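Enquirer: Dumping the structure here so I can ask a few things about it.
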Amino acid sequence: MSEQPVYTGDSLVLRHFERLSAIPRGSGNEKAISDFVADFARARNCEVLQDDRYNLIIRKPAAPGYESADPVIFQGHLDMVCEKNKGTVHDFTRDPIRFRLEGDLLYAQGTTLGGDNGIAVATAMAIIDTPDMAHPELEILLTTEEETSMGGAFHLDASPLKGRMMINFDSDREGVLFVSSAGGVNTYHTVSVAWREAGAAVGEPFTIGVHGLMGGHSGDHIIHERGNANKLLGRVLDDLRRHADFALAGVNGGAKVNAIPREAEAHVYFDTEARRKAEARIAELNKILQDEFRASDSGVTVTLAQGFEGSSDSQSAIRVFADETKAAVIRLLSLIPSGVLSMDKEIPNLVRTSTNLGVVTTTEETVVMQSLARSSLRSQVDDVLRMMATLAETAGCQFRQDDYFPGWPYRADSKLRPVFEAAYEHRFGRPLEIKAIHAGLECGVLIEKMPNLDAVSYGPNLYEIHTPQEHLSISSVDRSWVFLQDVLRELKQ
1 MSEQPVYTGD SLVLRHFERL SAIPRGSGNE KAISDFVADF ARARNCEVLQ
51 DDRYNLIIRK PAAPGYESAD PVIFQGHLDM VCEKNKGTVH DFTRDPIRFR
101 LEGDLLYAQG TTLGGDNGIA VATAMAIIDT PDMAHPELEI LLTTEEETSM
151 GGAFHLDASP LKGRMMINFD SDREGVLFVS SAGGVNTYHT VSVAWREAGA
201 AVGEPFTIGV HGLMGGHSGD HIIHERGNAN KLLGRVLDDL RRHADFALAG
251 VNGGAKVNAI PREAEAHVYF DTEARRKAEA RIAELNKILQ DEFRASDSGV
301 TVTLAQGFEG SSDSQSAIRV FADETKAAVI RLLSLIPSGV LSMDKEIPNL
351 VRTSTNLGVV TTTEETVVMQ SLARSSLRSQ VDDVLRMMAT LAETAGCQFR
401 QDDYFPGWPY RADSKLRPVF EAAYEHRFGR PLEIKAIHAG LECGVLIEKM
451 PNLDAVSYGP NLYEIHTPQE HLSISSVDRS WVFLQDVLRE LKQ
C-alpha cells in the first residue's frame, strides 16, 4: 500500500481491505494476518478462538431482537495466491500489496490483488465493526491454507461451532449464488534426474520460453480453454526433438497448482545447425499457436534466447539430462492430461472433470510435475488418478497424490437459499442466479465435519483471480455488503 491510500471512498469493507493488504498473507504464512484480525475482534469485545493452524472462530453476539434466532456461520479464508509478473519486484513474505485504481476497478501493481479471499476477511471486519447491524449470533470462521491444500479447514476442530447455516463469502460473481462445488486432489509425477557430462561439444546454451498467456483460476477459468504454458512447452519440446537435435538441462513453469500457468521455460543446448532448424520450427510454431489461441490467449509467444538467466556453467563443465531423463520429461509434459476432460450433462456450461498441470520444477535430483484434478464426481477423479498412475508406470517415474478434498453436494432442502433469493429479488428487482461451480470451496470439507450444515456461497465481482491481472469492482463490493446485511436481517427466525 502506498503512503497515500489509493482508496478514499466511504466503503467500510474496502477501507478494511486496504488495512489487511499491508500484511503479507500467502498460504502457509498466515500467522500475522490471523493475529491482526484476532486483535481487531478482541478490541471490539468479540470472543476469539485461534488454533495452532491460525484458523479463527470469532463470535459476535446476536443483535437485540435476534437472541432466539439460530446462529449463522460467516466463512472465508485468510490466505491469498501469490503471483507476480516477470520483472515485478515484490517479496510476498514482506511487502504490502500496492493498489492501482482505474475508475471502478481496483488492481494491484504487477501482483495478485488478494481479493480472493481478502474481501471475505474485510467483510468480516466490517461486520465486527458495525455495532448496529441486525443479525443473529454470528460465528465468523476464517481458515488458512485454502489456496494450497485447504489444510486449515481439514485440521479445524468444528465442535465449538453452533451454527448450522453457513454463508461462504469466497465467490467472485455478484448476482450468482453457488450451491455446489467440485472436489479434487493434487498429484505429482517425479522423474529422478540422471545427468551426463557434455562439455563444449553439446553446443551453446539457449532458453526456450512460452510467454504471454492469460492464465487464471484452474477451476473458474478452465472452461475457457486458455493455454497452459507447461503443456505448450511440452508440445514445443516434443515437436523440436523431431526436427533438431538438442540437449535438455532443465524445465520450469507455473507458480501455483491451482493457477493455469502463464509462463514456462526450458534450458537447452544447440549446435549451430540444430539452432538454425530450431529457429525455423519455433517461428512456425508461433504462427500455429497464435492462430489456435487467437481468441483466448492472443499474446502467446514462444521465444528462443541465448543463455540461461543466472547460469554460471562454464563450457568445460556442462551437465545435461541423460537421454532417458530427457525422454521421460518430454513424454510426461506432452501426455499428462490438462484442461477440460468432461462437461456436466445436466447443468449447462458446468465443467464436470478437469486437470491442470500447474507447476513444473527442476532440482538437482528431480523434475516434479504437479497437477490438480477436479470433478463433481469422485469416480471420475479416481479414473483420472488411475490414468496418471498408468502414465507414470509407462514413463518410468514415481507418482503420488495428496488427500482428496471433498466436493460440496447440492442440498434441495436448503433453508438459507430461499432467504438469499427473496432478499435479492427485493433489493435488485430481478432473480438471483443459482449455480454450481467447478472450483473447489471449503464448504465440502466443512460439511464433512458438520453433516447437517446448510451452506451457500456468495461474493462481489472479482476478475482474473490467481493472476497479476486480478481486480475487483468497487461498486460491486459495496452492493454485496448492503445485500449481505439484507440477508442477515431476514434471518430472525
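For the sequence shown, counting from 1, position 170 maps to 170 in UniProt numbering; every step adds exactly one. In this text, a Cβ means the ideal position worked out from N, Cα and C, and glycines have one as well. Being a predicted model, the structure only gives us computed values, none of them experimental.
1. Rounded to whole angstroms, what's the CA-CA distance from Val193 to Val329? Just pull it up for me.
2. Rounded to the nearest angstrom, how far is the Cβ of Thr111 from that of Pro468, given a contact under 8 angstroms?
3. From Val210 to His267, what distance separates their C-alpha atoms?
4. Do you know offhand how far Asp70's Cα is from Tyr458's?
5. Thinking C-beta only, is Phe399 closer than 7 angstroms to Gly184?
6. Is the distance from the Cβ of Ala259 to the Cβ of Leu233 below 7 angstroms?
7. Is Gln4 helix, strand or coil when you go by DSSP?
8. With distance defined between alpha-carbon atoms, name the residue in Ala389, Lys449 and Ala439 nearest to Leu350.
9. DSSP on Ser314, reduced to helix/strand/coil?
10. Could you tell me which of Ile437, Leu141, Phe36 and Tyr188 sits nearest to Leu377, measuring between CA atoms?
11. Which residues does DSSP pair with Arg319 in a beta bridge?
12. Identify the continuous beta strand (DSSP E) that holds Asp454 and give its terminal residues.
13. Quick one: Cα of Ala395 to Cα of Thr187, how far?
14. With distances taken between CB atoms, is the gap from Asp454 to Met165 smaller than 7 angstroms?
15. To which residues does DSSP link Glu204 through a beta bridge?
16. Out of Glu279, Gly215, Val176 and Thr325, which has the shortest C-alpha to C-alpha gap to Ala249?
17. Judging by CA-CA distance, which residue of Ser354, Thr123 and Ser473 is the nearest neighbour of Leu372?
18. Can you name, in chain order, every residue of its own chain whose Cβ lies under 8 angstroms from the Cβ of Ser314, other than the five neighbours on each side?
19. Taking Cβ to Cβ, would you say Lys435 is nearer than 7 angstroms to Val176?
20. Assign residue 507 to one of three DSSP states: helix, strand, or coil.
21. Among the residues of its own chain, which have a CB less than 6 angstroms from the CB of Ile223, if the five just before and after it don't count?
22. Suppose the cutoff is 8 angstroms on Cβ atoms and the five residues either side in sequence are ignored; what does the same chain contact list for Phe154 look like?
23. Do you know how far the Cα of Gly339 is from the Cα of Pro261?
24. Which runs of the beta strand (DSSP E), 3 residues or longer, sit entirely within the segment 432 to 491?
25. Am I right that Trp408 and Leu441 are in contact with their C-beta atoms under 8 angstroms? What's the rounded C-beta distance?
26. Residues in the same chain with beta-carbon distance under 8 angstroms from residue 507, minus the five sequence neighbours each way, listed in chain order, please.
27. Where do the N-terminal and C-terminal ends of the beta strand (DSSP E) with Glu139 fall, by residue?
28. When the Cα atoms are used, what is the spatial distance from Val37 to Ser68?
29. Using only CA atoms, which one of His471, His135, Val487 and Phe178 lies nearest to Asp104?
30. So the beta strand (DSSP E) Met166 belongs to, where does it begin and stop?
31. Could you give the uninterrupted runs of the alpha helix (DSSP H) lying entirely in the segment 106 to 140, keeping only those of 4 residues or more?
32. Out of Ser159, Ala22 and Gly307, which one is the CA nearest neighbour of Arg98?
33. Which residues in the same chain have their Cβ closer than 6 angstroms to the Cβ of Ser342, if we skip the five residues on either side of it in sequence?
34. Can you say whether Trp481 is buried or exposed, counting buried as having 16 or more other CB atoms within 10 angstroms of its CB?
35. If you draw a straight line from the alpha carbon of Val302 to that of Gly227, how long is it in whole angstroms?
36. Below 8 angstroms CB to CB, which residues in the same chain sit around Ser316 once its five sequence neighbours on both sides are set aside?
Expert: In this structure, then:
1. 9 angstroms
2. 6 angstroms
3. 12 angstroms
4. 20 angstroms
5. no
6. no
7. Annotation note: pLDDT 38 at Gln4 (below 50); position unreliable, coordinate value reported separately. The answer is coil: DSSP assigns Gln4 none of H, G, I, E or B.
8. Ala439
9. Note on Ser314: pLDDT 49, under 50, position unreliable in the model; the coordinate value appears next. If DSSP states are grouped into helix, strand and coil, Ser314 belongs with coil.
10. Ile437
11. Glu197
12. Asp454 to Ser457
13. 15 angstroms
14. yes
15. Phe270
16. Thr325
17. Ser354
18. Reliability of the predicted coordinates at Ser314 is poor, the pLDDT of 49 falling under 50, and no value is obtained from them.
19. yes
20. Beyond the ends of the chain as shown, which are 1 and 493, falls residue 507; an answer cannot be given.
21. Val351
22. Asp403, Phe405 and Val445
23. 12 angstroms
24. 433 to 437, 454 to 457 and 471 to 473
25. 6 angstroms
26. No statement about residue 507 is possible, as the shown extent of the chain runs from 1 to 493 and does not include it.
27. Leu138 to Thr143
28. 28 angstroms
29. His471
30. Met165 to Asn168
31. 115 to 128
32. Ala22
33. Arg352 and Thr353
34. buried
35. 12 angstroms
36. Bear in mind that the predicted position of Ser316 carries a pLDDT of just 48, short of 50, making it too unreliable to give a figure here.
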